[in-house]
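*Asks:*
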Amino acid sequence: MTFDDFLLAFFSLDILRQAWPILWSGFKITLLLSAIVVPLGVIGGTVLALLSTVRSRWVRWPLIAWVDLFRALPPLVLLVFVYAGLPFAGIEVSAIGAVAIGFFLNTGAYYGEVLRAGIESVPRGQLEAARSTGLTRWQTMAHVVLPQAVRNVLPDLISNTLEVVKLTSIASVVALPELLFQARQAQSVTYNATPIMAAAVIYFLLLWPVVRLLSRLENRQIAGRR
Amino acid sequence: MTAATPIVQAPIVQARGIHKHFGALHVLKGVDLVVAERELVFVIGPSGSGKSTLLRCLNRLEDPSGGSITVDGIDMLDRGTDINKARQRIGMVFQSFNLYPHMTALGNVALALRKVLGLDRPAAEARARAALERVHLADRAGHYPGQLSGGQQQRVAIARAIALEPRVMLFDEPTSALDPELVGGVLAAMRELRESGMTMVVVSHEMGFAKAAADRVIFMDDGRILEQGPPAAIFGNPQHERTRAFIGQIERH
Amino acid sequence: MTNWDRFLDSFFNLRVAAEYLPKIIEGFWLTILLAGCIILAGIAAGLALAVVRSFAIRPLNWLIIFLVDLFRALPPLVIIALLYFGLPAAGLSLSGFAAAWLSLSLVLMAFTEEIFWAGITAVPKGQWEAARSTGLRFFQTLTLVVLPQALRMTIPPLTNRTIAITKGTALASVVAVPDILGAAQAGVSFSFNPTPLTLGAIAYVVLFFPVVILGRWVETRFAWKR
């Protein structure tokens, strides 16, 4: 195979021009999907993190089991289970519904762990000071503890969000027409790798700035923690 | 040897016209330093005067921008010199101890014996133990740095350096990071080392030690050696206004 | 048939379970094999890159940083698709196993390099100076003094990252690898019953639940303070 063949197989401008409209629509679906699953995961994670501050063991142990269960299941397994399994129980779910449920369970557990670590990183004195001024438990959480917790684990939150956005690509497995799905469609029609290469480039351009930012934040974090 | 005796032995350290730039900063502006065998040279001066940099140039932890350095007959700035071999002959003790936290005291001392001198483990550990004995810490051989006081850590660091049987020892503010009550043990170890005939260059603010043990005191200011002489002369009758002011400041503390 | 019976018959059908259990078990071992290969190659390559980076050779370092950013920004499934569906267009084909192994190894390599590098830079300069002042060479100092300290700091983040990425082995089912998920999906389409998926989910929990617990333990055992 010559270099020209290679260029033609991965970087064909002709193919790119043909595939561009559906790649673009896939890109928009990817953004939309991220805009749905990231907030869902954050909400789920916040609930889990708040529950983890409850001292009762009747809350604590089921909570840990829940979080670890969904950290142990690969997200794709969860997604396929919801999408292909639930109809057998008489519950029909659309592809986007399956993605929403699967991501809520999986990424919620991860956001929950990050936020819990954040809450634990806030010194107890903060809580005591706030309560001593008459703030209620929930006011203390919302105004004093959570803001500091989020700041303390900001790199982990961003990193988790990056992973969630990347993870939306598995929605292609349940035929949701996001970027990777459309690229695969275009590739199988043209028998040319350019559309997948284009999708990879789009992902890279979208997420590279985030990776750069993270790399800086993480280095500072490790240097600061020792 | 007393402080007043003229130096007759062959010099071990010969540094001539040392310059050092950090970017636009000119930290050493042509320093000459000659240290004779068995001599203890004490370097004082305000912070930023370049005394630590001078010390770190001697074993080339910093590369001087100009000048020449010979230690024990070896040209330290020659590209052909095996710098790691040369460094075996120059022990160094740091302000922050810099013990390896993942190794015991014995492991800290034995590491270079095994990896630089190529001794096998039993031989290296026997020699490391002897070095710890010299700083009176043989009973702490199995402790990790985190389990030792700052003073003990610094003495282990001294053992780590002397185990290699260097020809000269460099001390970079060895007691500055210590609580006052821990300084004595480190100074005692240094004094014993001095009595055994070790050649030493010490950067420190411990004026009492300088008066009692130094052969020569050097006062550095703004990248230059401003004056030098026996401790009695420097402390008792400094020639420069800057020296007088600096010593006055230190002694008031 | 009550709803409950129908549910049991769908998701916990013993006849179907007995029939497909052997396939799931085969998939179980295949998943372990794939995960093992990824961990070995990914961590070794990541460590090698971090060591090379510490030599501070400018153009080489830019290349390493770019590689790391690239494989942190691209979704693993996109890399797998590019290798598996894209390469044949250039006349080169990889097996599904090889494509999944290579892709996930590259991803783990990127994260590992980042983590090791952060660990190496977090070791104080004085450690280098002390070791060099006793005559140790650069490489001796790196391997005997700096890396042991760096590795200890990197164990928690590395463990978590490795777990997350090896869970990605489920993605291999997309490229026709009969791993746990692949075997389970095949079972569902042959038997028209979701029980194989239940078995698959259980298999993943059996495999990863202990690992997640291990991750928790490591987190507390190797806490940052020393």
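Protein chains in written order, with our numbering: chain V, 1 to 226; chain U, 227 to 479; chain S, 480 to 705. Just so you know, even glycine gets a beta-carbon here, dropped at the ideal spot from N, CA and C. Since this is a predicted model, take the numbers as computed values, not measurements.
Out of V:Arg131, V:Ser132 and V:Leu127, which has the shortest C-alpha to C-alpha gap to Val145 (chain V)?
*Replies:* The residue with the shortest Cα to Cα distance from Val145 (chain V) is V:Leu127.
*Asks:* I'd like to know if His328 (chain U) contacts chain S, where contact means its C-beta is closer than 8 Å to some C-beta of that chain.
*Replies:* It does: the Cβ of His328 (chain U) has a partner Cβ on chain S nearer than 8 Å.
*Asks:* Once you ignore the five residues that flank Ile96 (chain V) on each side, which residues in its own chain have a CB closer than 7 Å to its CB?
*Replies:* Taken in chain order, the residues that qualify are Leu176.
*Asks:* Arg700 (chain S) by DSSP, collapsed to three states: which one?
*Replies:* DSSP places Arg700 (chain S) in helix when its eight states are reduced to three.
*Asks:* From the DSSP output, in three-state form, read off His328 (chain U) for me.
*Replies:* Three-state result, His328 (chain U): coil.
*Asks:* Nearest-angstrom Cα distance between Ile238 (chain U) and Gln475 (chain U)?
*Replies:* Going from the Cα of Ile238 (chain U) to the Cα of Gln475 (chain U) covers about 33 Å.
*Asks:* Please list the terminal residues of the continuous alpha helix (DSSP H) segment that includes Ser612 (chain S).
*Replies:* Element bounds for Ser612 (chain S): Lys604 to Ser612.
*Asks:* DSSP state of Met426 (chain U), grouped into three classes?
*Replies:* Strand.
*Asks:* Quick check on DSSP: helix, strand or coil for Ala19 (chain V)?
*Replies:* The answer is helix: DSSP assigns Ala19 (chain V) an H, G or I state.
*Asks:* Take the Cβ of Thr481 (chain S) as the centre, count every other Cβ of all protein chains shown within 10 Å, and call the residue buried at 16 or more, exposed below.
*Replies:* Classification of Thr481 (chain S): exposed, given that the 10 Å Cβ count is below 16.
*Asks:* For the segment 106-119 of chain V against the segment 66-76 of chain V, do three or more pairs of beta-carbon atoms, one drawn from each stretch, fall closer than 8 Å, so that the two count as touching?
*Replies:* At 8 Å Cβ cutoff, the stretches touch.
*Asks:* Quick check on Leu73 (chain V): does DSSP put it in helix, strand or coil?
*Replies:* Note: Leu73 (chain V) maps to coil in three-state DSSP.
*Asks:* Along chain S, which residues have their Cβ under 7 Å away from the Cβ of Met318 (chain U)?
*Replies:* The answer, in chain order, is Ser612.
*Asks:* Could you tell me which of S:Ile692, S:Leu693 and S:Ala663 sits nearest to Ile681 (chain S), measuring between CA atoms?
*Replies:* The shortest Cα separation from Ile681 (chain S) among S:Ile692, S:Leu693 and S:Ala663 belongs to S:Ala663.
*Asks:* How big is the Cα-Cα spacing for Thr600 (chain S) and Thr648 (chain S)?
*Replies:* One C-alpha to the other measures close to 31 Å.
*Asks:* So, at 6 Å on beta carbons, what are the nonlocal neighbours of Pro636 (chain S) in its own chain, with the 5 sequence-adjacent residues on each side left out?
*Replies:* Result list for Pro636 (chain S): Ile594, in chain order.
*Asks:* Does DSSP put Val93 (chain V) in a helix, in a strand, or in coil?
*Replies:* Three-state result, Val93 (chain V): coil.
*Asks:* As a quick exercise: from U:Arg386, U:Gly243 and U:Ala414, pick the residue whose alpha carbon is nearest that of Met318 (chain U).
*Replies:* Ranking the options by Cα distance to Met318 (chain U), first place goes to U:Arg386.
*Asks:* Using the Cβ count rule (16 or more neighbours within 10 Å means buried), how would you classify Phe10 (chain V)?
*Replies:* Counting Cβ neighbours within 10 Å, Phe10 (chain V) comes out buried, since at least 16 surround it.
*Asks:* Is the CB of Lys246 (chain U) under 8 Å away from at least one CB in chain S?
*Replies:* By this cut-off, Lys246 (chain U) is not an interface position.
*Asks:* In whole angstroms, give me the CA-to-CA distance for Asp301 (chain U) and Ala367 (chain U).
*Replies:* When rounded, the distance between both Cα atoms is 36 Å.
*Asks:* Is the beta carbon of Gly377 (chain U) less than 8 Å from the beta carbon of Val412 (chain U)?
*Replies:* Against a cut-off of 8 Å, the Cβ pair of Val412 (chain U) and Gly377 (chain U) comes out as a contact.
*Asks:* Using a Cβ cut-off of 8 Å (strictly closer), state whether Arg226 (chain V) contacts chain S.
*Replies:* Because the pLDDT at Arg226 (chain V) is just 39, under 50, the model does not fix this residue reliably, and the value given afterwards should be weighed accordingly. At least one chain S Cβ lies under 8 Å of Arg226 (chain V).
*Asks:* So, at 8 Å on beta carbons, what are the nonlocal neighbours of Met433 (chain U) in its own chain, with the 5 sequence-adjacent residues on each side left out?
*Replies:* The answer, listed in chain order, is Ile270, Phe461, Ile473, Ile476 and Glu477.
*Asks:* Buried or exposed, going by whether 16 or more other CB atoms sit within 10 Å of the CB of Val59 (chain V)?
*Replies:* The residue is exposed, with fewer than 16 neighbouring Cβ atoms inside 10 Å.
*Asks:* Compile a chain-ordered list of the residues in the segment 596-608 of chain S whose CB is closer than 8 Å to at least one CB of chain U.
*Replies:* The residues in question are Pro603, Gly605, Gln606 and Glu608.
*Asks:* Kindly say whether Glu498 (chain S), judged by its beta-carbon, lies nearer than 8 Å to any beta-carbon of chain V.
*Replies:* Chain V, which has no Cβ nearer than 8 Å to the Cβ of Glu498 (chain S), makes this no.
*Asks:* State the start and end residues of the unbroken beta strand (DSSP E) segment that holds Ser294 (chain U).
*Replies:* Run containing Ser294 (chain U): Gly292 to Val297, per the beta strand (DSSP E) assignment.
*Asks:* Identify the residues that DSSP records as bridge partners of Met318 (chain U): which are they?
*Replies:* Beta-bridge pairing links Met318 (chain U) to U:Leu396.
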